[in-house]
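One structure is given here, and the rest of the page talks about it.
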Amino acid sequence: MSTKACCSACVGTEEQDKKLHEAISALQGEHSLVQVLQAAQEIYGYLPERVIDTIAKELGVSSETVYEVATFYSQFKFNPKGRYAISVCLGTACYVKGAGDIYEKIKEKLQIDDGQTTPDGKFSIDACRCVGACGLAPVMSINDNVYGNLTVDMIDGILDKCQ
Amino acid sequence: MNMINLKINGTPVTVPEGTTILDAARQASIDIPTLCYLRDINEIGACRMCVVEIKGSPKLNAACVYPVTEGMEVITNSKRIFEARKMNLELLLSNHKRECLSCVRSGSCELQKLCHDYGVEDEGRFDGMTTPSTIDDSAIHMIRDNSKCILCRRCTSVCDKLQDAAVIGTNGRGFVTHIGSAFDAPLNNVACVSCGQCITACPTGALRERDDTDKVWAALADPEKRVIVQTAPATRAALGEAFGMPIGTNVEGKMVAALHRMGFDDVFDTDFSADLTIVEEANELVERIKNGGKLPLITSCSPGWINYCEQYYPDMLENLSSCKSPQQMFGAIAKSWYAEKLGIAPENIYMVSIMPCTAKKFEIKRDHQSANGVPDVDVALTTRELSRMIKRAGIDFNSLPDEKFDDPLGVSTGAAVIFGATGGVMEAALRTAAEWITGDPGAPVEFVDVRGTDGVKEATYKVGDLTLNVAIASGLKNAKQVLEAVKKGEKDYQFIEIMACPGGCVNGGGQPIQPGSVRNNVDIRALRAKALYTQDANMPLRKSHDNPVIKEIYDSYLEKPGSHRAHELLHTEYAARPIYK
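Have a look at this one:
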């Protein structure tokens with residue numbers, strides 16, 4: 215069984231597909247869409263196009279009916295996370311201490327937008343709301359590491375260390 | 061039924077329990093403005109144009125979704141209300157591309173009208189950031205410009221609730237909210253059926269048909285081309301609305317006169333080929349019944365329905381009649397029989413059709429629609445595009461005399477003109493099938509059970525020894541209901557008529573647009589259909605097979621219904637197209 219995805223259209227393993235099917239069967243019901251989406255994201259890590267289509271087909275609705283609900287909630291992601299998943303806090307404390315500039319700098323450097331992943335799969339970026347480290351504002355995390363008291367000048371050095 | 065007493069602007073009103081303030085006000089001759097509201101389709105109280113004051117309630121409330129209660133006192137016309145409505149409009153304008161001078165909907169835009177009514181003078185009062193948006197011009201039949209969208213959801217509700225497609229919805233949240241498809245795929249890459257119902261529901265210029273009128277002007281100016289025009293049955297029942305006439309005015313004569321004055325070489329009638337369709341389709345029905353062919357036979361005139369069947373019910377493609385639609389049959393005959401008669405090459409004929417339909421623009425580009433080596437039809441215009449051409453040509457439509465279609469392809473029967481209303485194709489086919497099966501020229505002409513604007517109709521007719529169970533559906537949600545019943549074996553029909561648009565072609569996506577304020581209170585479908593049934597009742601010939609030109613074409617050219625040549629010219633094929641990737 216292959217575990218490696220070759221593109222976003224055929225992403226997912228047979229085992230993941232089986233889990234999704236089971237989750238949909240278990241949650242079958244008129245108002246289960248958000249729960250199904252949560253289960254799918256749990257299984258695949260994000261919501262690829264093919265998975266949205268599968269959910270739509272199994273629930274007997276259009277793909278857009280699933281997609282419009284998924285795009286309403288910020289918890290749902292449509293791109294796989296990078297090996298280095300960057301999360302910049304844009305909560306109030308971080309924001310007033312310049313997190314917006316940090317966030318823009320990273321997006322510019324990596325040439326990706328919010329919720330996206332670099333083509334090589336190395337970095338992804340998301341904005342988040344407060345990681346509970348306001349004393350270190352502005353803060354970002356890369357995977358499980360938290361970086362505080364950031365300035366725009368520090369970004370190049372931090373990202374260059376991610377190898 | 062419990063009755064509720066209330067006062068609106070001091071006037072006592074008594075209405076049934078469950079009535080909204082909006083409807084109760086109408087009974088007191090008070091018009092409350094709406095923008096997002098479409099009765100039974102989009103009742104979400106989102107746009108806040110219909111806000112009113114209710115005594116005892118500190119806030120303004122949306123009249124379109126607020127049910128009346130006993131003793132309620134409502135005010136609909138205070139200064140506070142006017143200011144709130146005006147500010148709502150100013151906020152909508154702050155995120156609206158204001159190119160009203162050139163916008164196709166200028167003059168018929170509901171937002172524009174309300175801005176006038178409420179005295180919006182500073183269009184840019186709240187100018188600031190605008191939602192990023194793109195123009196989707198990927199589809200053959202329509203263009204979406206989200207920069208003119210006010211997010212009323214009328215289009216998405218129509219696509220979902222009337223047409224069962226839901227290929228468009230509301231993506232994103234907050235300021236980036238926009239109308240789009242799954243993964244924001246372009247419209248030509250989703251299971252859109254091209255029906256255009258979203259366009260006629262749109263209050264602004266965000267949705268529009270693709271304008272092909274320049275192609276027609278160019279052809280009319282080309283001395284090498286013989287430019288032939290055909291007009292669909294339903295167009296004559298609605299075109300007058302674009303010139304201020306009451307809904308349901310039959311303007312056939314004026315339409316023909318206008319087309320003559322615009323310089324078309326032949327002004328012909330799709331009614332002719334509707335008769336031809338009936339002859340071929342009634343033959344197909346009789347053959348399938350006699351030879352144990354696939355039943356129920358389902359009509360194939362509506363290209364929106366064909367798109368739906370290919371994408372949503374590919375397992376029922378064999379049930380579809382192989383007959384081309386009247387539009388395509390017309391083109392095929394014009395570029396074969398008529399071209400030979402004139403002695404000109406089919407390449408030199410430019411075939412224009414005037415249709416109540418946006419899906420016809422898609423249909424002309426389908427495979428197997430080029431009978432004589434050239435496309436059967438070169439360009440399909442909607443009724444709306446024709447109205448714009450007439451205006452640009454400087455023709456005073458309302459004062460035109462009535463003129464007659466040209467010979468020979470302008471000859472038709474009453475059976476053809478009712479094609480434009482739901483049940484019309486069924487009735488026309490029954491007229492011919494009944495006479496053919498019984499051999500009795502006195503077989504019935506009127507089959508009234510199949511008339512009317514109900515979404516699903518059924519009837520059983522005894523024709524000779526045969527019992528025919530028939531069903532008629534208009535609107536794809538209704539079609540789905542009929543198809544599911546057939547698939548589950550709950551119903552045993554021999555013949556089904558399906559039209560993509562609710563009410564049939566008279567209410568097609570290419571017809572003149574009536575604002576929500578009219579749609580919500582008048583049955584446009586019934587008024588337009590009445591114009592067609594009245595014309596049918598007054599025609600000397602009312603059975604398609606009695607059309608003398610059709611008889612001549614079979615005698616001298618096609619041989620007989622269902623012949624080899626008829627199949628080459630007048631029949632087509634379908635292909636499954638899956639909706640999920």
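These protein sequences, in sequence, are chains A and B. In case it helps, our numbering puts the first sequence at residues 215 to 377. In case it helps, our numbering puts the second sequence at residues 61 to 641. Where a beta carbon is used, it is the ideal one built from N, C-alpha and C, also for glycine.
- Scanning the region 289-348 of chain B from its first residue to its last, the whole alpha helix (DSSP H) runs of 4-plus residues come out as 312-322.
- Counting only runs that start and end inside the region 274-305 of chain A, the alpha helix (DSSP H) elements of at least 4 residues fall at 277-286.
- Rounded to whole angstroms, the Cβ separation of histidine 201(B) and glycine 256(B) is 6 Å, and the two are in contact under 8 Å.
- Lysine 291(A) has a beta carbon lying at 7 Å or more from every beta carbon in chain B.
- For methionine 109(B), the three-state secondary structure derived from DSSP is coil.
- Secondary-structure assignment with DSSP links valine 439(B) through a beta bridge to Val412(B).
- In the DSSP assignment, alanine 519(B) forms a beta bridge with Val530(B).
- In the assembly as shown, aspartate 466(B) is a buried residue. Its beta-carbon has 16 or more other beta-carbons within 10 Å.
- Apart from sequence neighbours up to five positions away, the residues of its chain that approach serine 198(B) with a beta-carbon distance below 8 Å are Pro246, Leu247, Asn248 and Asn249, ordered along the chain.
- In terms of beta-carbon proximity, serine 277(A) lines the interface with chain B, with at least one pair separated by less than 7 Å.
- The alpha-carbon of glutamine 325(A) is positioned some 8 Å away from that of threonine 332(A).
- Scanning Leu153(B), Arg491(B) and Ala225(B) for the CA closest to the CA of valine 275(A) turns up Ala225(B).
- Annotation: glutamate 103(B) to asparagine 69(B) spans about 24 Å, alpha carbon to alpha carbon.
- Each residue's CA atom was taken as its position, placing glutamate 487(B) and leucine 153(B) some 48 Å apart.
- Within chain A, no residue has its beta carbon less than 8 Å from that of asparagine 432(B); the closest one is some 39 Å off.
- Contact annotation for threonine 285(A) against chain B: Asn231, Gly232 and Arg233 [CB-CB distance below 8 Å, chain order].
- The shortest C-alpha to C-alpha distance from glycine 312(A) to any of Phe286(A), Ala284(A) and Ala351(A) is the one to Ala351(A).
- Excluding its 5 nearest sequence neighbours in each direction, valine 439(B) has C-beta neighbours in its own chain below 7 Å: Asp272, Lys275, Val276 and Val412, listed in chain order.
- Annotated three-state conformation of aspartate 525(B) is coil, per DSSP.
- Leaving aside the five residues that flank arginine 158(B) on each side, the residues in its chain whose CB is nearer than 7 Å to its CB run, in chain order, Glu183.
- Annotated three-state conformation of lysine 611(B) is helix, per DSSP.
- Going by beta carbons, serine 362(B) and leucine 380(B) fall outside the 7 Å limit.
- Using a CB distance cut-off of 7 Å, aspartate 267(A) counts as an interface residue toward chain B.
- Put simply, of Val508(B), Ala589(B), Gln574(B) and Cys163(B) the residue whose alpha carbon is nearest the alpha carbon of isoleucine 203(B) is Cys163(B).
- For alanine 242(B), the nearest CB of chain A lies under 7 Å from its own CB, placing it at the interface with that chain.
- Taken in chain order, the unbroken stretches of alpha helix (DSSP H) that lie wholly in the region 123-173 of chain B and span 4 residues or more are 139-153.
- Proximity of chain B to tyrosine 281(A) at the Cβ level (cut-off 9 Å) is accounted for by Gly229, Asn231, Gly240, Ser241, Ala242, Phe243 and Asp244, in chain order.
- Contact check between the region 83-102 of chain B and the region 167-176 of chain B: three or more CB pairs, one atom from each, fall below 8 Å, which counts as touching.
- As DSSP reads the structure, asparagine 65(B) sits in a beta bridge with Thr74(B).
- Chain B has a Cβ within less than 7 Å of the Cβ of glutamate 263(A).
- Methionine 389(B) has its alpha-carbon roughly 13 Å from the corresponding atom of lysine 420(B).
- Scanning chain B for C-beta atoms nearer than 8 Å to the C-beta of lysine 321(A) yields nothing, as the closest lies near 15 Å away.
- Flagged as an interface residue toward chain A: tyrosine 640(B), by a C-beta distance shorter than 7 Å.
- Under the three-state reduction of DSSP output, valine 180(B) falls in the coil class, being neither helix nor strand.
- Exposure of glutamine 289(A) is indicated by the presence of fewer than 16 other C-beta atoms within 10 angstroms of its C-beta.
- Burial check for phenylalanine 328(B): the Cβ neighbour count within 10 Å reaches 16 or more, so the residue is buried.
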